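Engineer: Chains as they are written, first to last, in this note's numbering: chain D, 1 to 640; chain C, 1001 to 1329. We put the CB at the ideal spot given by N, CA and C, even for glycine. Keep in mind that this is a model prediction, so the values were computed, not measured. I'd like to ask some things about the structure below.
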């Protein structure tokens, strides 16, 4: 297998996902917690060596006893919280070196642009070690005094409204939440992000200041996002790097610069607080418990040493329990589970056998609303309605609209307050293909109530057809649905404006039904109810009702009544007669004719039934005449 | 006369006959081997020549008359019944019925499988607080880790009573915290629900979609237990298909170790799930002592599973409301 493929396979199995493999390019998806140790060639090499159980050699040679604090360069960190470490070295060069071809090729593969021999070297060392570096032309910086005076670099907060122009001519207005690298006269760079115009290295440079530093990741993250400026350096710093990386970056850069003819003349390293190394316990039993697979202490120790950790020799370590010293550059390993992960992933997650868990006998339950939704869906499908899912967004505004800070479009700038708009659109859209559109949706709607967001679960139904209204069918569907769910205590009444029907229970309105005229002559009946409101009042008990022992008697009566009289009122009037034998009243016909002169004909079918006996005609007629006289009295109705 | 009597009777009964069966019965009664006319014809030989010459032709013409009438009636009846009987090869009547949305069907399948493994089903709100969606799940603020999820933020209303920052949940993981705050372990739950991502829509991305969260917590719940549960689930969900599993190291701030589950179906490897062992910080936020409890958690995309199972090419179809699509299920 070719080397690149082998590396990619090992990375996929034990370390990180490889997104692309093309010639010399291996594109690795770096998890957000591993930038400090692995966002570099050294880091990946260490991972692959551990995965393939091969020896790893860090190419960085430590520079012993460099010339330091010679007075050529002075560093002052004003805001220490923003900059835990600042290391700088000064080099003399006779001329600007040119980048070797192999370095240019690596840049090409890694998507970096070659600039000049010094800047390229800074970038190369960043790719290799993971430590971002920056180079200044020392003679472009302000000095204490002209003749061989010390160059002073200050790390400070930017001033409010401080203007800054980058080396590629972008202009920014900074504020005190930003950190800058500055000399006595101006800012030279946005710390950890980008260098400025007029302080960079060019063909005339004879003295270089190399910066390898560490910056607080939160500040870098905030500045980078606010200025919308993301660079290789800001990317790494915002993920949080260890100050320990500075040593590798600086020493490697020193080695390569000296090789290219530069002379190191001074170094300063301001590192007030060196963080200690974590010492974490590892226990084989705990590994076994968490992973569900065995590991030997010896194997675990080997894995840890392969990735650069060391085993502490203490009196307290037993065969199965020992302490591990984690190097500073592994910022992601903080507790024993982190160690367990290191061991487990290098054993290989595919190697562990699945193991059936033991589970208590307490029966699993579904939440009440989950069960309710299921019942509602089953019912609606049984009356030939089709379920749709619409987006949760809408452009409906108003006082109760919940607005988004970052909407995806103006059509979707708020959250939906009802399901109706989506369902009506479904009717219109499907109208191209079907003569009748019958849809329902169960989904969340959102309202702003007094500054707070209220999320409710609604059921919406829409039935649309060309020139035909199904609103009474919809009324019947809601009626039967609510009864079948176990809600007995509800009624439907016209709203004040008469425009729709409101569904109420215990004086609270929880739904409505209305007719909507759409384009092209389509008529939609739409209804919506709040399921959250009815869940608490639903009574589950169903009791069997004995079948009638005695036959029912049916009587149809046709009444001529004013066209302005509401059918509901007539039904109420019949109900008010309170005949104990009236089982059901249904409207079976209604029509208006010119010759009726402002009246309508309504035909009602009344079912009479008694539980105790067969009703005689006389008994039925008596009740029927009570009903008829009530209608005559209340509405001046004529019976036909 | 006998012949006249028989004739009258036969015609009367034929008149009354309602269907082919009764007509055939009459045919047998009068014209059958033992029928009345046949019997009479046989008695002819007992008659004198004179009588035979008189009766014979009359009997014969009655026989012919009745044969004609019967055969007429039968053929008329046959035509009538041809009109009434149903041609079974005609197409069946087109039935209209309601259809559940494919995501509902898949959600029901998934719930059924997990219920059979004793996982309870719980839900959580779609509008979440920053706390439940990120902080309590150990996703740090001001760190690129939080940018793993592209978030829809709600505009803050100045009248809002508390300081919470609200968003549309980017995953169903917040339900883990909400459940643990109100319940004691050991337990195992799944939490399906709608989630949101601020990203451009295309064939595999939508701004709202469905995820399923799983969480199992106990004294000794392990990664090997997770493998068992998840493999059982996928085997049942894709029942009848050959399936292989791969696990890859992955990173989510709320699990440690973290893994990615990849399945092989029809010779294709598909990423389907992120998972891992619940991070100790998450237990602390939830109010559990991480020394006493351990557990696994996973998240899987329901739309994705539905697209794989039903070979649906474009996630946007789920939210199009197109009945030509929905009526296929």
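Quick check on the burial criterion: 16 or more other C-beta atoms within 10 angstroms. Buried or exposed for residue 1286 of chain C?
Structural biologist: By the 10 Å Cβ count, residue 1286 of chain C comes out buried.
Engineer: CB-CB under 6 Å to residue 307 of chain D, same chain, minus the five flanking residues each way: which ones, in chain order?
Structural biologist: For residue 307 of chain D, where only same-chain residues beyond five positions count, the Cβ hits under 6 Å are 50.
Engineer: By the 10 Å Cβ neighbour count, where 16 or more other Cβ atoms means buried, how is residue 611 of chain D classified, buried or exposed?
Structural biologist: Flag for residue 611 of chain D reads exposed.
Engineer: Within 8 Å, do at least three Cβ pairs link the segment 110-123 of chain D to the segment 152-162 of chain D?
Structural biologist: No: the two stretches stay apart, fewer than three of their Cβ pairs being nearer than 8 Å.
Engineer: Exposed or buried, what is residue 82 of chain D when buried is set at 16 or more other beta-carbons lying within 10 Å of its beta-carbon?
Structural biologist: Buried, by the Cβ-count rule.
Engineer: If you measure from the beta carbon of residue 1301 of chain C to each beta carbon in chain B, is any gap under 8 Å?
Structural biologist: The structure shown has no chain B; the protein chains it does contain are D and C.
Engineer: With 7 Å as the limit, tell me which residues of the segment 1126-1143 of chain C have their beta carbon closer than that to any beta carbon of chain D; keep them in chain order.
Structural biologist: Residues passing the 7 Å Cβ filter: 1126, 1127, 1142 and 1143.
Engineer: Would you say residue 1113 of chain C reaches chain D, if we count a Cβ-Cβ gap shorter than 8 Å as a contact?
Structural biologist: So no, residue 1113 of chain C is outside the interface.
Engineer: My parser needs the alpha helix (DSSP H) runs of 4 or more residues fully inside the segment 504-591 of chain D; what are they?
Structural biologist: With a minimum length of 4 residues, the continuous alpha helix (DSSP H) runs that stay inside the segment 504-591 of chain D are 531-534 and 567-576.
Engineer: Rounded to the nearest angstrom, what separates residue 1301 of chain C and residue 1261 of chain C at their Cα positions?
Structural biologist: Those two C-alpha atoms are separated by around 12 Å.
Engineer: Is it buried or exposed for residue 1313 of chain C, if we count other Cβ within 10 angstroms and need 16 for buried?
Structural biologist: Exposed, by the Cβ-count rule.
Engineer: By alpha-carbon positions, which one of D:545, D:492, D:207 and D:109 ends up nearest to residue 645 of chain D?
Structural biologist: As shown, chain D starts at 1 and ends at 640. That puts residue 645 of chain D outside it, with no answer to give.
Engineer: If I measure Cβ to Cβ from residue 410 of chain D and keep anything under 7 Å in the same chain, skipping five residues before and after, which residues do I get?
Structural biologist: Here the set comprises 395.
Engineer: Determine the extent of the beta strand (DSSP E) in which residue 16 of chain D is found, giving its start and end residues.
Structural biologist: That residue, residue 16 of chain D, is in no beta strand (DSSP E); it is neither H nor E in DSSP.
Engineer: Within the chosen definition, does the segment 585-602 of chain D reach the segment 561-570 of chain D through at least 3 CB pairs nearer than 8 Å?
Structural biologist: Segments in contact, yes.
Engineer: Can you look up residue 1312 of chain C in the DSSP assignment and give me helix, strand or coil?
Structural biologist: Residue 1312 of chain C falls in the coil class under three-state DSSP.
Engineer: Do residue 1223 of chain C and residue 292 of chain D have their C-beta atoms closer together than 8 Å?
Structural biologist: The answer is yes: Cβ separation under 8 Å.
Engineer: If you draw a straight line from the alpha carbon of residue 495 of chain D to that of residue 377 of chain D, how long is it in whole angstroms?
Structural biologist: Going by the C-alpha atoms only, they are around 27 Å apart.
Engineer: Between residue 271 of chain D and chain C, is the shortest Cβ-Cβ distance under 8 Å, so that the two count as touching?
Structural biologist: So, not an interface residue.
Engineer: In chain order, what residues of the same chain lie with their CB nearer than 6 Å to the CB of residue 428 of chain D, ignoring the 5 residues before and after it?
Structural biologist: Hits under 6 Å: 518.
Engineer: Assign residue 101 of chain D to one of two classes, buried (16 or more other C-beta atoms within 10 Å of its C-beta) or exposed (fewer than that).
Structural biologist: Residue 101 of chain D is exposed by the Cβ-count criterion.
Engineer: Do the segment 196-206 of chain D and the segment 245-258 of chain D meet, that is, are 3 or more Cβ pairs less than 8 Å apart?
Structural biologist: Contact between the segment 196-206 of chain D and the segment 245-258 of chain D is absent, because fewer than three Cβ pairs lie under 8 Å.
Engineer: Just to confirm my understanding: we take residue 499 of chain D, look at its own chain, exclude 5 residues before and 5 after, and list those with CB closer than 7 Å. What are they?
Structural biologist: Correct list, in chain order: 514.
Engineer: I'd like to check one pair, residue 25 of chain D with residue 8 of chain D: are the Cβ atoms closer than 8 Å?
Structural biologist: No, Cβ-Cβ distance for residue 8 of chain D and residue 25 of chain D is not below 8 Å.
Engineer: With residue 1298 of chain C as the anchor, note down where its beta strand (DSSP E) starts and where it stops.
Structural biologist: Its beta strand (DSSP E) spans residues 1294-1301.
Engineer: Taking a cut of 8 Å between CB atoms, which residues from the segment 554-588 of chain D lie near chain C?
Structural biologist: Cβ contacts with chain C come from no residue of the segment 554-588 of chain D.
Engineer: How is residue 145 of chain D classed by DSSP in three states: helix, strand or coil?
Structural biologist: Its pLDDT being 48, under 50, residue 145 of chain D is placed unreliably in this model, and the value from its coordinates should be taken loosely. Correct three-state label for residue 145 of chain D: coil.
Engineer: Please classify residue 357 of chain D as buried or exposed, where buried requires at least 16 other C-beta atoms within 10 Å of its C-beta.
Structural biologist: With 16 or more Cβ atoms within 10 Å of its Cβ, residue 357 of chain D is classed as buried.
Engineer: Could you spell out where the alpha helix (DSSP H) holding residue 1132 of chain C opens and where it closes?
Structural biologist: Run containing residue 1132 of chain C: 1130-1133, per the alpha helix (DSSP H) assignment.
Engineer: Against chain C, with Cβ distances strictly below 8 Å, would residue 446 of chain D count as a contact?
Structural biologist: Answer yes: the Cβ-Cβ gap between residue 446 of chain D and chain C drops below 8 Å somewhere.
Engineer: Listing by chain order, which chain D residues have their CB less than 7 Å from the CB of residue 1227 of chain C?
Structural biologist: 352 and 354, listed in chain order.
Engineer: Any chance you could list the beta strand (DSSP E) runs of at least 3 consecutive residues sitting entirely within the segment 1265-1297 of chain C, in chain order?
Structural biologist: You should have 1268-1278.
Engineer: Throw me the rounded Cβ distance for the residue 1297 of chain C and residue 1214 of chain C pair, which I believe falls under 8 Å.
Structural biologist: Contact flag correct, Cβ pair sits at about 7 Å.
Engineer: Using a Cβ-Cβ cutoff of less than 6 Å, which residues in the same chain neighbour residue 209 of chain D once the five nearest sequence positions on both sides are dropped?
Structural biologist: So the list reads 88, 90, 136 and 138, once near-sequence residues are dropped.
Engineer: Which residues in chain C sit within 8 Å of residue 458 of chain D, going by Cβ to Cβ distance?
Structural biologist: Chain C residues near residue 458 of chain D: none, gap ~13 Å exceeds 8 Å.
Engineer: Could you list which residues in chain D have their beta carbon closer than 7 Å to that of residue 1161 of chain C, in chain order?
Structural biologist: Near residue 1161 of chain C (Cβ distances below 7 Å), the residues of chain D are 451 and 452.
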